[in-house]
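K.L.:
A single structure is presented below for examination.
Chains as they are written, first to last, in this note's numbering: chain A, 1 to 218; chain B, 219 to 270; chain C, 271 to 516; chain D, 517 to 720.
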């Protein structure tokens, strides 16, 4: 399992792995926002939590189809499925690798982008906390979507259509947590819900993803 | 005959119109596909019988 | 009757085609008659509401379609579970057949809701939790239908969409809860709602029951018709696949 | 006996392609599957490897003894030969790479990226992967594609070695590899067309 994680990280970091593309996308989306809504600091500050969450979500989405596509094309997925590793573990590792390579850089970059959106410094903590807590759910749910569409031609758009509705609860509670935290409101409910969604998806969704991979490999 | 719908006539009529239109499209699409599939299946089975 | 007879017999495609062919005309006629009766009753023979005026007549379409939008998904969930557990092809095909009907019902619910909201709330769209939930449900339907269309092999498509339906159901319920929480401050008062339990008097309620029954029957008729079509299409594809092998 | 197949039927895309297969595989035995393209050899191997369920019949054997090698080698182009092999060794819980490296003459290529290898070299690396799995039953789908004559000889030698050590092999291949093997022609087991895959004939 750890070997698989290390292998995926190594491939992502080496040339041609697409590492950093999501981060660049996140940066560009957030930079485009002031161009589209105007440069007023107060407006930007008030929509910053939502923009950062939406940008992070889209950046995560962008790299989902790579989770299984390469392994499917070169035959590794067949070989992994017949290996001693349980498929549930394989999909969990894949989700973890996606989070480490695609989502974690976004979380780290978020405060700097928040700065550009004139968010008060006290809000950085909540932005980072909500993304840190919510993005694992995005990776795990996205892995399920990637497992559904593995092997499909033109699966990319379908993947987005399937995954985006599943992202709704995570987005709502994540952005709500960030917004409430920034505005100094009560954060307990969204915090608990977001944590609940993340832990429940990590615990349960790999079983669905593995089942779906088995179906697709038949 | 026509009831007096008052100032909301447009809303009510457009709601009825839109809903019935959507239902009609759905029913028409279902029937059209049903007829098409049925015809091609029958054609196929007739051809098979002819051959065998 | 032998002891082996059970409801599951109708999961056999041939039995299903026989039974559905017999009852389909009757259900269609009953549904059509009830729809005409309910809509005429509601449209011509009920008074206006003292606050909502004549817009109250929209409930005869809005409430049944909204109910069917949810029930169609629920039916798909049950059919998906039956397919995954008992591997009856009719079940998977019925789920596939129900999805476009559910889409249409969702659109009717959204459109009538928006048209009702325009004079009542002064805007076509508010991010009311209930309306928003239907919008999200619509997105779930789109993904489900798109997945069926994208996968070539029928059994694979049935398996994948079934899992999607089950996972989607959990997330749909979660979304409903999330949306409620997200817009709790702006929730519209019950006095101006299309929800029948909250503010509909008996005089509006009876024709509403008739249209609800009509929508249920029309839904069943459409699903039966479309399932028959799917079974035939499946049969045709099976013939074609076999021909290619020869 | 490491693998026993009873009345097996396998299907591809909902259609049964082979049926009524019965055979056993013993330690030290090689079984070569023959048959024209599209006859279902790959489907049979995938079924035996556990990637898809049988359409009918039984497969008796421990899936934990099987190492499967498909058409595609599952190599990562940005990883070196050594890294590719070491990864699969770790997945299968083994650690000694040298027998595999020696058997397929990969010693001089170890630090080259797998993406920079020729087709034949990639294939050799893919086959070396089987050796690092440490598993008893090898299932190979067209293993000699893009191998030159001397590499085929190396491969045949490796198989002979494996059989000598009480391993077994199941191969789908067209060429004669020059070792003693039971040949199973799958053509007679082609599924009869009478069975419609799902729905009954004459449905309407």
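The C-beta atom is built at its ideal place from N, Cα and C for all residues, glycine as well.
A quick note: this is a predicted structure, and the numbers were derived from the prediction, not measured.
Quick check on residue 547 (chain D): does DSSP put it in helix, strand or coil?
P.N.:
Working through the fourth chain from its first residue, we reach residue 547 (chain D) at position 31. Here residue 547 (chain D) sits in strand by DSSP.
K.L.:
Answer yes or no: does any C-beta atom of chain C fall closer than 8 Å to that of residue 534 (chain D)?
P.N.:
For the purposes of this step, residue 534 (chain D) is taken as residue 18 along the fourth chain, with counting starting at 1. Output row for residue 534 (chain D): interface = no.
K.L.:
Identify the contact partners of residue 255 (chain B) in chain C, using a Cβ-Cβ distance below 8 Å as the criterion.
P.N.:
Here residue 255 (chain B) refers to the residue found at position 37 of the second chain. What residue 255 (chain B) touches in chain C: 499, 502, 503, 506.
K.L.:
Using the Cα positions of residue 522 (chain D) and residue 504 (chain C), report the straight-line distance between them to the nearest angstrom.
P.N.:
On the fourth chain, position 6 is the one that residue 522 (chain D) refers to. On the third chain, position 234 is the one that residue 504 (chain C) refers to. Computed Cα separation, rounded: 31 Å.
K.L.:
Taking a cut of 9 Å between CB atoms, which residues from the region 78-94 of chain A lie near chain D?
P.N.:
Those residues of the region 78-94 of chain A that come within reach of chain D (Cβ to Cβ, closer than 9 Å) are 78, 79, 80, 81, 82, 83, 84, 85.
K.L.:
Is residue 376 (chain C) close to chain A? Criterion is C-beta to C-beta, closer than 8 Å.
P.N.:
Reading the third chain from its first residue, position 106 is the one you call residue 376 (chain C). So no, residue 376 (chain C) is outside the interface.
K.L.:
Taking only beta-carbon atoms, is residue 264 (chain B) less than 8 Å away from chain C?
P.N.:
Numbered from its first residue, the second chain carries residue 264 (chain B) at position 46. No, residue 264 (chain B) lies away from the interface with chain C (no Cβ there is under 8 Å from its Cβ).
K.L.:
Any contact of the region 179-197 of chain A with the region 113-130 of chain A, i.e. 3+ C-beta pairs under 8 Å?
P.N.:
yes
K.L.:
Among all the DSSP beta bridges, which residues are the ones paired with residue 584 (chain D)?
P.N.:
Along the fourth chain, read from residue 1 onward, the residue named residue 584 (chain D) stands at position 68. Its beta-bridge partners are D:655.
K.L.:
With burial defined as no fewer than 16 other Cβ atoms inside 10 Å of the residue's Cβ, what is the status of residue 708 (chain D): buried or exposed?
P.N.:
Along the fourth chain, read from residue 1 onward, the residue named residue 708 (chain D) stands at position 192. With fewer than 16 Cβ atoms within 10 Å of its Cβ, residue 708 (chain D) is classed as exposed.
K.L.:
Distance cutoff 8 Å, beta carbons only. Does residue 457 (chain C) sit that close to anything in chain A?
P.N.:
Working through the third chain from its first residue, we reach residue 457 (chain C) at position 187. Reliability of the predicted coordinates at residue 457 (chain C) is poor, the pLDDT of 42 falling under 50, and no value is obtained from them.
K.L.:
Rank C:297, C:423, C:419 by C-alpha distance to the C-alpha of residue 157 (chain A) and give the top, closest one.
P.N.:
Counted from its first residue, the first chain places residue 157 (chain A) at position 157. With distances taken between Cα atoms, residue 157 (chain A) lies closest to C:419.
K.L.:
Starting from residue 671 (chain D), trace the alpha helix (DSSP H) in both directions and tell me its first and last residue.
P.N.:
To locate residue 671 (chain D), count along the fourth chain from 1; it is residue 155. That run of the alpha helix (DSSP H) goes 665-680.
K.L.:
What does the Cβ neighbour count give for residue 230 (chain B), buried or exposed, with the cut at 16 atoms within 10 Å?
P.N.:
The residue labelled residue 230 (chain B) in the question sits at position 12 within the second chain. Residue 230 (chain B) comes out buried.
K.L.:
I'd like the span of the alpha helix (DSSP H) that includes residue 535 (chain D), first residue to last.
P.N.:
For the purposes of this step, residue 535 (chain D) is taken as the residue at position 19 of the fourth chain. Segment 531-541 is the beta strand (DSSP E) holding residue 535 (chain D); no alpha helix (DSSP H) there.
K.L.:
Taking a contact to mean a Cβ-Cβ separation below 8 Å, would you say residue 481 (chain C) touches residue 309 (chain C) in this structure?
P.N.:
Counted from its first residue, the third chain places residue 481 (chain C) at position 211. Counted from its first residue, the third chain places residue 309 (chain C) at position 39. Yes, these two residues count as a Cβ contact at 8 Å.
K.L.:
Is there a Cβ of chain C sitting closer than 8 Å to that of residue 242 (chain B), yes or no?
P.N.:
On the second chain, residue 242 (chain B) is found 24 positions in, with the first residue counted as 1. Closer than 8 Å: no.
K.L.:
I'd like to know if residue 366 (chain C) contacts chain D, where contact means its C-beta is closer than 8 Å to some C-beta of that chain.
P.N.:
Counting from one through the third chain, the residue named residue 366 (chain C) turns up at place 96. It does not: the Cβ of residue 366 (chain C) has no partner Cβ on chain D nearer than 8 Å.
K.L.:
Quickly, what does DSSP pair residue 701 (chain D) with across the bridge? List them, please.
P.N.:
Position 185 of the fourth chain, counted from the first residue, corresponds to residue 701 (chain D). Paired residues: D:550.
K.L.:
Under a three-way DSSP split, which group does residue 691 (chain D) fall into?
P.N.:
Here residue 691 (chain D) refers to the residue found at position 175 when the fourth chain is read from its first residue. Residue 691 (chain D) falls in the coil class under three-state DSSP.
K.L.:
Since residue 379 (chain C) contacts residue 332 (chain C) with CB under 8 Å, what's their CB separation in whole angstroms?
P.N.:
Within the third chain, residue 379 (chain C) is the residue found at index 109, counting from 1. Within the third chain, residue 332 (chain C) is the residue found at index 62, counting from 1. For a cut-off of 8 Å, the C-beta gap from residue 379 (chain C) to residue 332 (chain C) is around 6 Å, short enough to register as a contact.
K.L.:
Enumerate in chain order the residues of its own chain whose CB-to-CB distance from residue 305 (chain C) is below 7 Å, with the five nearest sequence positions on each side excluded.
P.N.:
The residue labelled residue 305 (chain C) in the question sits at position 35 within the third chain. Cβ within range, chain order: 481, 484, 488.
K.L.:
Would you kindly work out how many angstroms separate the C-alpha atoms of residue 560 (chain D) and residue 247 (chain B), rounded to a whole number?
P.N.:
For the purposes of this step, residue 560 (chain D) is identified with residue 44 of the fourth chain, where counting begins at 1. For the purposes of this step, residue 247 (chain B) is identified with residue 29 of the second chain, where counting begins at 1. Each residue's Cα considered, the two are about 42 Å apart.
K.L.:
Work out the CA separation of residue 336 (chain C) and residue 448 (chain C) for me, nearest whole Å.
P.N.:
Translated into positions along the third chain, residue 448 (chain C) becomes position 178. Translated into positions along the third chain, residue 336 (chain C) becomes position 66. About 19 Å.
K.L.:
Buried or exposed: which applies to residue 188 (chain A), given that a residue is buried once 16 or more other Cβ atoms fall within 10 Å of its Cβ?
P.N.:
Taking the first chain and counting its residues from 1, one reaches residue 188 (chain A) at position 188. The residue in question, residue 188 (chain A), is exposed, as its Cβ has fewer than 16 Cβ neighbours within 10 Å.
K.L.:
Would you tell me roughly how many angstroms separate the C-alpha atoms of residue 267 (chain B) and residue 534 (chain D), rounded to the nearest one?
P.N.:
By 1-based counting over the second chain, the position of residue 267 (chain B) is 49. By 1-based counting over the fourth chain, the position of residue 534 (chain D) is 18. Answer to the nearest angstrom: the Cα atoms are 26 Å apart.
K.L.:
Based on the DSSP secondary-structure assignment, which residues constitute the bridge partners of residue 522 (chain C)?
P.N.:
Within the shown structure, residues of chain C are numbered from 271 to 516, placing residue 522 (chain C) beyond reach of any answer.
K.L.:
Just how far apart, CA to CA, sit residue 205 (chain A) and residue 618 (chain D)?
P.N.:
As a working mapping, residue 205 (chain A) is identified with position 205 in the first chain. As a working mapping, residue 618 (chain D) is identified with position 102 in the fourth chain. Between residue 205 (chain A) and residue 618 (chain D), the C-alpha separation is close to 43 Å.
K.L.:
Is the CB-CB distance between residue 339 (chain C) and residue 407 (chain C) below 8 Å?
P.N.:
Taking the first residue of the third chain as position 1, residue 339 (chain C) is located at position 69. Taking the first residue of the third chain as position 1, residue 407 (chain C) is located at position 137. Cβ distance < 8 Å, so residue 339 (chain C) and residue 407 (chain C) count as in contact.
K.L.:
Within the same chain, show all residues whose beta-carbon is closer than 8 Å to that of residue 328 (chain C), passing over the 5 residues directly before and after it, in chain order.
P.N.:
For the purposes of this step, residue 328 (chain C) is identified with residue 58 of the third chain, where counting begins at 1. Scanning its chain for C-beta atoms nearer than 8 Å, with the 5 sequence neighbours on each side dropped, one finds around residue 328 (chain C) the residues 382, 385, 386, 464, in chain order.
K.L.:
Taking CB distances under 8 Å as the criterion, tell me whether residue 460 (chain C) reaches chain D.
P.N.:
In the third chain, the residue the question calls residue 460 (chain C) occupies position 190. Confidence is the limiting factor: at residue 460 (chain C) the pLDDT is only 43, short of 50, which leaves the residue's position unreliable, though a coordinate-based value still follows. Judged by the 8 Å Cβ criterion, residue 460 (chain C) is not in contact with chain D.
K.L.:
According to DSSP, is residue 234 (chain B) helix, strand or coil?
P.N.:
The residue you call residue 234 (chain B) lines up with position 16 of the second chain. Helix.
K.L.:
Label residue 642 (chain D) either buried or exposed according to how many other C-beta atoms from any shown protein chain fall within 10 Å of its C-beta, with 16 as the threshold for buried.
P.N.:
For the purposes of this step, residue 642 (chain D) is taken as the residue at position 126 of the fourth chain. Counting Cβ neighbours within 10 Å, residue 642 (chain D) comes out buried, since at least 16 surround it.
K.L.:
Is there at least one Cβ from chain D nearer than 8 Å to residue 203 (chain A)'s Cβ?
P.N.:
To locate residue 203 (chain A), count along the first chain from 1; it is residue 203. When Cβ-Cβ separations below 8 Å define contact, residue 203 (chain A) makes no contact with chain D.
K.L.:
What three-state label does DSSP hand residue 456 (chain C) in the structure shown?
P.N.:
Taking the first residue of the third chain as position 1, residue 456 (chain C) is located at position 186. In this prediction, residue 456 (chain C) scores a pLDDT of 44, lower than 50, which makes its location untrustworthy; the coordinate-derived value is nonetheless stated afterwards. If DSSP states are grouped into helix, strand and coil, residue 456 (chain C) belongs with the helices.
K.L.:
Taking the beta carbon of residue 500 (chain C) as the centre, do at least 16 other beta carbons fall within 10 Å, making it buried, or is it exposed?
P.N.:
Along the third chain, one-based indexing puts residue 500 (chain C) at 230. The residue in question, residue 500 (chain C), is buried, as its Cβ has 16 or more Cβ neighbours within 10 Å.
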